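K.L.:
One structure coming up, written as structure tokens, with questions to follow.
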Amino acid sequence: MTTLGDWLGRAPFGLAMSSGFFSFFAHTGMLSALVERGLLPTHLAGSSAGALVGGAYAAGLSPSELADTLARLERAHFWDPGVGAGLLAGRKFDRMLREMLPVAAFGATRLPIKISVFDIFARKTAVLATGDLVDAIRASCAVPVMFHPVWIERRPYWDGGILDRPGIAGVPTGRLLFHNIAGPWALPRRADLVTLVIDELPRSGPFKLDAGRRAMKLAREATLRALDAPIVDDAVIVRAA
7 MTTLGDWLGR APFGLAMSSG FFSFFAHTGM LSALVERGLL PTHLAGSSAG
57 ALVGGAYAAG LSPSELADTL ARLERAHFWD PGVGAGLLAG RKFDRMLREM
107 LPVAAFGATR LPIKISVFDI FARKTAVLAT GDLVDAIRAS CAVPVMFHPV
157 WIERRPYWDG GILDRPGIAG VPTGRLLFHN IAGPWALPRR ADLVTLVIDE
207 LPRSGPFKLD AGRRAMKLAR EATLRALDAP IVDDAVIVRA A
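Position one of the sequence shown corresponds to residue 7 (my numbering), numbered consecutively onward.
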């Protein structure tokens, strides 16, 4: 049977990463393993946490650089309660992204990326691929109740995972690796899509950042094992440990 590593190495592929609250730790670990094996995506897509990691990589940040940043992440770096439709204003998050990313515009990225967001006025998913990359990442990560909506060109947006949890709404057909955080149920199905699921990762959040750092390490190790595992029914499912 074909292993995941064999399939990825066969031809160019895109990478999509799902939403999942603070699962940007796990996405970073997974991407670190791909880069370590020399399996580099040619385009990216994502919702919420997946948009953050995909956007950082597309902007020129290496997985190891992103991992170093997340290893030092503290709640104070993004925690800024303010009056509005959500607990956090998002100004600290915006500043952190602009200081972290090598470029802040879609047009300057080294790889194309499509970011799913939820258009509050239209009540449907919108896909952002032009303009300000940081605004798009913030909008896709703007979990309702936790963050204020992010306004872009006079329209408010919330978390892309509201309606597009996989983050693949804007991805054209073709070879695509999808890293799913939600679990092995309700996986998206389409031609030339293979899903990677890592079960039993630690649950992280704003008050459990150490769990996120453990998830990043475990996701990297699990992905390295997954690359040598066979694809079964268009998916590879491995345990975190």
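Cβ coordinates follow ideal geometry from the N, Cα and C atoms, glycine included. On a predicted model such as this, the values are computed, not experimentally measured, just so you know.
(1) Under 8 Å, do LEU285 and LEU233 count as touching if we go by C-beta distance?
(2) Who are the near neighbours of TRP13 in its chain, counting only those whose CB is closer than 7 Å to its CB and skipping five residues on each side?
(3) Roughly how many whole angstroms lie between the Cα atoms of ILE174 and HIS185?
(4) The alpha helix (DSSP H) with GLY11 in it runs from where to where?
(5) Could you have a look at SER210 and say whether DSSP puts it in helix, strand or coil?
(6) When you compare the CB positions of ARG181 and ALA51, do they come within less than 8 Å of one another, or not?
(7) Measure from the alpha carbon of SER54 to the alpha carbon of each residue in GLU80, PRO194, ALA148, then state which is nearest.
(8) Which of the three DSSP states is assigned to LEU230 in this structure?
(9) Going by DSSP, name the residue or residues bridged to SER53.
(10) Check the DSSP bridge columns for THR201 and list the partner residues they point to.
(11) Roughly how many angstroms lie between the CA atoms of LEU40 and PRO69, to the nearest whole one?
(12) Find the nearest neighbour of ALA114 within the set PRO172, LEU46, LEU202, TYR63, judged by alpha-carbon distance.
(13) In three-state terms, what does DSSP make of ALA111?
(14) Count the C-beta pairs between the stretch 148-159 and the stretch 84-95 that are closer than 8 Å, then say yes if the count reaches three, no if not.
(15) Measuring alpha carbon to alpha carbon, tell me which of ALA197, ASP138, THR131 ends up nearest ILE168.
(16) State the Cα-Cα distance for the pair GLU80 and LEU215, rounded to the nearest angstrom.
(17) Give the secondary structure of ARG161 by DSSP, where H, G and I count as helix, E and B as strand, and everything else as coil.
(18) What residue from ARG78, ILE158, PRO47 has the CA that sits closest to LEU183's CA?
P.N.:
Reading it off the structure:
(1) Residue 285 cannot be examined here, being either before or after the span of the chain that is shown, 7 to 247.
(2) VAL200, ILE237
(3) 11 Å
(4) 10-16
(5) coil
(6) no
(7) ALA148
(8) helix
(9) SER122
(10) PHE184, ALA241
(11) 10 Å
(12) TYR63
(13) strand
(14) yes
(15) THR131
(16) 7 Å
(17) strand
(18) PRO47
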